[in-house]
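**Student:** Numbering (my numbering), first residue to last: 1 to 554. Just passing along the structure, written as structure tokens.
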């Protein structure tokens with residue numbers, strides 16, 4: 001069963017200015033991409049000037065020298081381009097509004113600045129922090145971080161420490177899970193030591209080479225004499241770094257080294273202030289406090305809110321190649337969203353009945369897309385709303401209806417479809433259009449075995465399944481009801497599967513209290529390519545219902 005969307009389309013005006021947070025390597029590259037597409041850009045940077053922003057992540061350019069040179073010309077182009085405003089020493093105080101008409105309040109020194117924007121891009125770079133403590137070491141003339149060594153190379157001052165006859169030990173992969181960007185820096189530093197005539201020793205856990213050219217660089221290191229100790233546990237290191245002892249897995253015996261210099265790996269982490277910025281923007285955090293949740297529907301540069309995009313080090317550990325690819329993608333997404341200042345949208349994706357609304361703010365709190373604001377009643381932005389229906393199903397007054405998925409429409413479909421059920425068990429399956437509905441199409445196309453009494457209900461998201469739908473299905477004659485959602489972390493509406501799971505558990509308790517077997521109501525998660533699994537779930541349920549017999553509510 002599928003409802004038809006008959007919403008009228010309307011044209012709305014959107015603000016075409018774009019705010020870019022971050023004036024480092026990724027931020028200015030993103031700005032350049034947006035300028036090339038003709039957008040006015042305001043760059044916001046918490047540091048006092050662009051040079052300081054660049055310096056805080058200079059290791060990215062040192063890891064990609066060619067792109068670092070390109071970046072210098074980018075700065076010149078951006079700073080001299082009309083239509084670009086740079087607000088340095090500035091932080092975000094308040095953020096409100098909807099996509100296409102965001103309103104920002106910023107603190108610049110002692111002054112409060114107010115601006116409007118149609119879209120926002122978070123484009124700060126990943127930051128590096130030494131891991132001395134993880135190895136039980138303290139910075140000294142003998143012990144230094146990767147950034148300190150790279151600065152010595154840049155300033156031509158490394159020959160004394162890394163020249164002929166000097167032994168340089170690198171520690172990597174024991175203070176954190178390895179990363180190709182960290183490994184690239186280590187290998188390039190080894191290469192620099194070799195060019196100065198020094199001998200490099202690398203104590204490493206997992207050698208991460210899953211990036212362009214890293215396997216080749218690793219072999220070049222080895223061919224020129226670098227010694228790599230691949231270990232399961234960190235070596236024993238004297239507190240001052242004067243002696244390192246490890247069990248060589250090849251020789252099967254302890255090997256001791258008295259290095260002249262010890263270089264400690266650096267942790268790559270989320271940009272400073274990113275969690276606070278995400279909180280103000282109402283976007284979901286991902287692993288390690290990066291500002292993009294780990295959800296396939298967000299990749300590469302989208303957030304859970306329409307009109308807010310994330311680039312490079314703001315969303316994950318990223319080198320310049322990755323960040324600049326993101327910058328181009330984000331610019332295209334902005335262009336797709338803002339266009340030339342007008343956008344065609346449904347007149348209303350969701351309708352609020354003001355007479356029923358009790359102003360409880362439930363819809364505002366549960367909307368995963370930040371699509372709801374308040375005037376004298378909830379106002380749902382057609383630009384921001386994704387029509388998932390979570391707000392409608394959570395509303396205690398049933399004051400919100402989703403176009404094409406109105407409650408009465410779905411209940412009528414249930415009554416009509418269940419009026420003619422064959423003798424075999426009648427099963428109603430609520431299918432999310434992003435996963436199980438596609439899996440069902442696959443099952444039909446492949447000719448897989450499906451229950452004869454199966455009736456499906458097309459829903460925009462499992463989060464739209466209301467308790468009333470479940471009760472209606474049973475009252476209209478269903479022997480069993482199945483709610484099918486996306487896998488955890490794979491829901492387009494972020495938490496639709498979570499809400500659906502809670503409601504199923506709630507109704508199962510009610511069924512048990514009423515004397516019915518709770519297994520008549522089930523919840524399962526699927527991906528869109530799991531037609532075979534869907535067939536198995538449905539056939540298993542049919543067999544169980546045959547054993548249970550007809551529903552006592554028939």
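Glycine is no exception: its CB is placed at the ideal position from the N, C-alpha and C atoms.
I'd like to know if the segment 317 to 332 and the segment 516 to 536 are in contact, where contact means that at least 3 CB-CB pairs between them fall below 8 angstroms.
**Tutor:** Taking 8 angstroms as the limit for Cβ pairs, the verdict is that the segment 516 to 536 does not touch the segment 317 to 332.
**Student:** For residue 560, which option in 189, 345, 374 and 266 has the closest C-alpha, if you only look at C-alpha atoms?
**Tutor:** Only positions 1 to 554 of the chain appear in the structure, and residue 560 is not among them; the question remains open.
**Student:** Can you find the residues in the same chain that come closer than 6 angstroms, C-beta to C-beta, to residue 524, ignoring five residues on each side of it along the sequence?
**Tutor:** Counting only Cβ-Cβ distances below 6 angstroms, and skipping sequence neighbours, we find 484 and 537.
**Student:** With a threshold of 16 other CB atoms inside 10 Å of the CB of residue 541, please say whether the residue is buried or exposed.
**Tutor:** By the neighbour-count rule (16 or more Cβ atoms within 10 Å), residue 541 is buried.
**Student:** Mapping the DSSP letters down to three states, classify residue 336 as helix, strand or coil.
**Tutor:** If DSSP states are grouped into helix, strand and coil, residue 336 belongs with the helices.
**Student:** Considering only residues of the same chain and omitting the five flanking positions on each side of residue 236, which have a CB-CB separation below 6 angstroms?
**Tutor:** Correct list, in chain order: 245.
**Student:** What separation, rounded to the nearest whole angstrom, lies between the Cα atoms of residue 1 and residue 283?
**Tutor:** Interpretation of residue 1 is limited by its pLDDT of 46, a score under 50 that renders its predicted location unreliable; no figure is taken from the coordinates.
**Student:** Can you tell me whether DSSP reads residue 101 as helix, strand or coil?
**Tutor:** Looking at residue 101 - three-state DSSP - the assignment turns out to be strand.
**Student:** Among 193, 34, 205 and 393, which has the Cα closest to the Cα of residue 336?
**Tutor:** Nearest option by C-alpha distance: 34.
**Student:** Could you pull the start and end residues of the alpha helix (DSSP H) that residue 441 belongs to?
**Tutor:** Segment 436 to 445, the alpha helix (DSSP H) holding residue 441.
**Student:** Kindly list the residues whose CB is nearer than 7 angstroms to the CB of residue 15, restricted to its own chain and excluding five residues on each side of it in sequence; keep chain order.
**Tutor:** Within the same chain, residue 15 has close Cβ partners 100, 101, 116, 117 and 118.
**Student:** Taking the DSSP output, what are the residues bridged to residue 223?
**Tutor:** Paired residues: none, contrary to the question.
**Student:** Could you check where the beta strand (DSSP E) with residue 385 kicks off and where it finishes?
**Tutor:** No beta strand (DSSP E) contains residue 385, which DSSP labels as neither H nor E.
**Student:** In three-state DSSP terms, what is residue 270?
**Tutor:** Three-state DSSP puts residue 270 in coil, outside helix and strand.
**Student:** Okay, do the segment 274 to 282 and the segment 304 to 319 touch, 3+ Cβ pairs below 8 angstroms being the bar?
**Tutor:** With the cut-off at 8 angstroms, the segment 274 to 282 and the segment 304 to 319 touch.
**Student:** Please report the straight-line C-alpha distance between residue 141 and residue 261, rounded to a whole angstrom.
**Tutor:** Each residue's Cα considered, the two are about 8 angstroms apart.
**Student:** Would DSSP call residue 213 helix, strand or coil?
**Tutor:** Residue state, collapsed to three classes: coil.
**Student:** So, under 8 angstroms CB-CB, residue 457 and residue 414 are touching, yes? Tell me the CB distance rounded to an integer number of Å.
**Tutor:** Their Cβ separation, rounded to whole angstroms, is 7 angstroms, which keeps residue 457 and residue 414 in contact under 8 angstroms.
**Student:** Might you give, ordered along the chain, the residues of its own chain that have their beta carbon closer than 6 angstroms to the beta carbon of residue 167, omitting 5 neighbours on each side?
**Tutor:** Contacts found: 199, 259 and 260.
**Student:** Note down, in chain order, each residue of its chain lying with its Cβ closer than 7 angstroms to the Cβ of residue 81, except the 5 sequence neighbours on either side.
**Tutor:** Correct list, in chain order: 35.
**Student:** Return the CA-CA distance between residue 186 and residue 317, expressed in angstroms with no decimal places.
**Tutor:** In a straight line, the C-alpha of residue 186 is about 16 angstroms away from that of residue 317.
**Student:** Tell me which residues share the same chain as residue 551 and place their Cβ nearer than 6 angstroms to its Cβ, disregarding the 5 neighbours each side in the sequence.
**Tutor:** Cβ neighbours of residue 551 beyond the five flanking positions: 479.
**Student:** For residue 372, which beta-bridge partners are listed by DSSP?
**Tutor:** Beta-bridge pairing links residue 372 to 380.
**Student:** For residue 144, list the residues DSSP reports as bridge partners.
**Tutor:** Note: residue 144 sits in a beta bridge opposite 263.
**Student:** Of all the options 64, 402 and 83, which has the alpha carbon lying nearest to the alpha carbon of residue 38?
**Tutor:** Nearest option by C-alpha distance: 83.
**Student:** I'd like the span of the alpha helix (DSSP H) that includes residue 365, first residue to last.
**Tutor:** Residues 362 to 366.
**Student:** In terms of alpha-carbon separation, which member of 227, 346, 425 and 86 lies closest to residue 545?
**Tutor:** Of 227, 346, 425 and 86, the residue nearest in Cα terms is 425.
**Student:** If you draw a straight line from the C-alpha of residue 213 to the C-alpha of residue 144, how long is it?
**Tutor:** Using only the alpha carbons, I get a separation of about 26 angstroms.
**Student:** Restricting to runs no shorter than 3 residues, where is the beta strand (DSSP E) found entirely within the segment 485 to 528?
**Tutor:** The segment 485 to 528 contains these whole beta strand (DSSP E) runs: 521 to 526.
**Student:** How would you label residue 374, buried or exposed, when you count the other beta carbons within 10 angstroms and need 16 or more for buried?
**Tutor:** It counts as exposed.
**Student:** Can you tell me where the alpha helix (DSSP H) holding residue 423 begins and where it ends?
**Tutor:** No alpha helix (DSSP H) holds residue 423; DSSP gives it neither H nor E.
**Student:** In three-state terms, what does DSSP make of residue 16?
**Tutor:** Coil at residue 16, not helix or strand.
**Student:** Helix, strand or coil: how does DSSP classify residue 9 here?
**Tutor:** In this structure, residue 9 counts as strand in the three-state DSSP scheme.
**Student:** Work out the CA separation of residue 254 and residue 19 for me, nearest whole Å.
**Tutor:** Distance between the alpha carbons of residue 19 and residue 254: 56 angstroms.
**Student:** Does residue 245 come out as helix, strand or coil in the three-state DSSP assignment?
**Tutor:** DSSP places residue 245 in strand when its eight states are reduced to three.
**Student:** When burial is assigned at 16 or more other CB atoms within 10 Å of the CB, is residue 505 buried or exposed?
**Tutor:** Under this definition residue 505 is an exposed residue.
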